[in-house]
Structure formats: C-alpha cells, structure tokens
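Have a look at the structure below before the remarks.
Numbering (our numbering), first residue to last: 3 to 279.
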C-alpha cells in the first residue's frame with residue numbers, strides 16, 4: 003500500500019505499508035540519506051512472516067515525498083513526519099506496540115526522536131547510525147555550509163557517498179545506482195542539522211527512555227561503528243549492542259541479512275510480549 007501522510011502543518015509525506023497476516027507488533031522504518039522507503043521491501047516482507055507489520059515514509063527531499071532533493075530545514079520537520087507515521091501505525095494497527103527502526107541517518111533520527119518523545123514507543127532499533135561519520139567533513143566545508151545556510155539553506159551538493167561502501171556485494175551498489183528514486187544530494191541546512199543531532203547523541207549519557215538495540219558492522223566505511231559502541235556504553239536501561247565483524251553499512255543487504263533481520267524480529271517480539279504482560 004502506497005499513500006500519503008499529512009502533518010497538522012499541512013506537510014505531506016509519502017509512505018508505504020506492509021501489513022502482516024497476524025500482527026503482534028508494528029514497526030515504523032526511517033530510511034537513510036539519499037534513499038527511500040521502497041528499498042525496505044524485502045526487510046518488511048521478512049518481518050511480516052514473523053508477525054510484524056511495517057510502515058515507512060520517504061523523508062522530505064527523498065523518494066516520492068516532495069521538496070528539493072536532499073533538503074529539509076530542521077529536525078522538527080522530520081519529527082513531524084515521524085509523529086504522523088506513528089499515528090498512522092496506531093490507526094492501522096490499534097492496540098499493538100509500536101517500534102521504530104532507523105538506518106544510518108534514519109538511526110540518528112529515531113534515536114533523537116526517542117530521547118525527546120519516548121511516549122508510546124515500545125522500543126528503538128538503530129542500524130549503522132550516523133553518530134560518528136567514518137570521515138568527518140573538513141573545517142573549510144563546514145564554514146562554507148554555515149555561510150550558505152544563512153543565504154540559501156536549500157543549497158545542495160553531493161553527499162559524497164560511494165555506493166560500493168553500502169555492502170560487501172557490488173550488486174547492491176549496482177541496484178542502488180540504477181534506482182531512479184535514489185539521489186546523492188544533501189542541502190547545507192539538512193547536513194548541518196544532522197551533524198548537530200549526531201553531536202548530541204555522541205555526548206549523551208544516562209538512561210535511554212525506551213528499549214534500544216544498536217546494530218553496526220565493524221567494517222562500515224560510511225558511519226563509524228565506534229559511535230554506536232560508545233553510545234551503548236554511556237546509556238543505562240534496556241540497551242543492547244550487536245556488532246557484525248567485517249560487514250559494511252547496510253547489514254540488511256549483507257550475506258548475514260537473514261541473521262540481522264531475524265535478530266530484529268526476535269528482539270521486537272520479546273519486548274512485545276513484555277508489553278502484553
């Protein structure tokens with residue numbers, strides 16, 4: 003099912019829905035930079051077989067959601083979309099526990115969202131999260147971005163992502179480059195917003211307000227797995243860290259995909275049972 007979410011402010015987000023036959027939980031998925039919700043078809047279909055219904059939206063400037071490619075102005079603009087996605091999940095699957103999953107930039111988003119708005123969230127899965135980048139932007143680039151944000155915040159340039167860094171199989175890179183809904187743009191406003199959000203996560207310590215599963219490949223060349231590992235060390239509560247030795251950025255597109263997705267499913271269902279209890 004493909005449809006449109008509307009926020010109270012009138013913003014529209016494209017979303018997809020994968021209902022399970024006998025749902026025990028519902029998962030809201032937030033994708034990464036430059037990609038879109040359609041790249042999670044196989045992930046959602048796998049989770050459906052475990053009784054987990056899924057929804058995912060295209061972020062502003064991504065996929066089939068409108069706007070300049072790669073541009074959003076603030077974290078609040080994203081949170082408004084997550085609010086709408088969670089509300090839709092509750093509407094379509096009333097009474098079921100709602101979980102969040104974010105990949106890369108999406109991991110950054112769901113972590114920040116849960117820290118600020120934990121009510122009604124049964125748990126968070128953060129995969130390959132943008133907490134620390136493998137290569138930080140240069141000081142000169144940051145100065146330029148801050149200057150441009152003041153005069154033209156939607157100014158966009160290449161995000162510098164190498165598709166070959168997504169997964170160990172070059173087939174993933176080929177499919178990514180051939181996907182007409184994928185792009186390589188990021189605006190100065192979006193980039194600075196996410197860098198600030200990442201810095202917040204990289205300095206946070208204390209109790210994480212909802213159950214948290216952090217997952218990362220140790221050979222990730224886009225985001226640094228040490229960001230996830232460090233956050234896990236600094237957080238108290240129901241926090242688990244899963245590191246996958248030698249694997250890249252998109253764990254769900256690696257040879258261990260079924261293991262990764264199976265771990266996510268079992269983690270969700272374990273906490274769904276606690277929620278029922």
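Don't be surprised by glycine CBs; every beta carbon is placed ideally from N, CA and C.
Would you kindly report the start and end of the unbroken beta strand (DSSP E) that includes residue i?
| i | result |
| --- | --- |
| residue 243 | 241 to 246 |
| residue 58 | 54 to 59 |
| residue 101 | 100 to 105 |
| residue 169 | Unbroken run through residue 169: none, as it is neither H nor E. |
| residue 128 | 125 to 129 |
| residue 20 | 14 to 20 |
| residue 219 | 214 to 219 |
| residue 29 | 27 to 32 |
| residue 39 | Premise fails: residue 39 is in no beta strand (DSSP E) and is neither H nor E. |
| residue 159 | 158 to 160 |
Please classify residue i as buried or exposed, where buried requires at least 16 neighbouring CB atoms within 10 angstroms.
| i | result |
| --- | --- |
| residue 44 | exposed |
| residue 261 | exposed |
| residue 255 | buried |
| residue 23 | exposed |
| residue 201 | exposed |
| residue 273 | buried |
| residue 114 | buried |
| residue 151 | buried |
| residue 76 | exposed |
| residue 149 | exposed |
| residue 134 | buried |
Assuming residue i contacts residue j (C-beta within less than 8 Å), just tell me the rounded distance between them.
| i | j | result |
| --- | --- | --- |
| residue 263 | residue 49 | 7 Å |
| residue 70 | residue 156 | 5 Å |
| residue 72 | residue 185 | 6 Å |
Which residue comes first and which comes last in the alpha helix (DSSP H) that contains residue i?
| i | result |
| --- | --- |
| residue 150 | 141 to 153 |
| residue 83 | 77 to 94 |
| residue 202 | 190 to 205 |
| residue 229 | 227 to 236 |
| residue 295 | Given a span of 3 to 279 for the chain in the structure shown, any question on residue 295 remains unanswerable. |
Going straight from the alpha carbon of residue i to that of residue j, what length do you get?
| i | j | result |
| --- | --- | --- |
| residue 105 | residue 153 | 31 Å |
| residue 103 | residue 169 | 19 Å |
| residue 208 | residue 235 | 10 Å |
> Does the count of Cβ pairs from the segment 208 to 216 and the segment 122 to 131 closer than 8 Å reach three?
Replying inline: yes
> Do the segment 55 to 63 and the segment 87 to 103 touch if we need at least three Cβ pairs shorter than 8 Å?
Replying inline: yes
> On the three-pair Cβ rule with 8 Å, is the segment 214 to 229 touching the segment 175 to 182?
Replying inline: no
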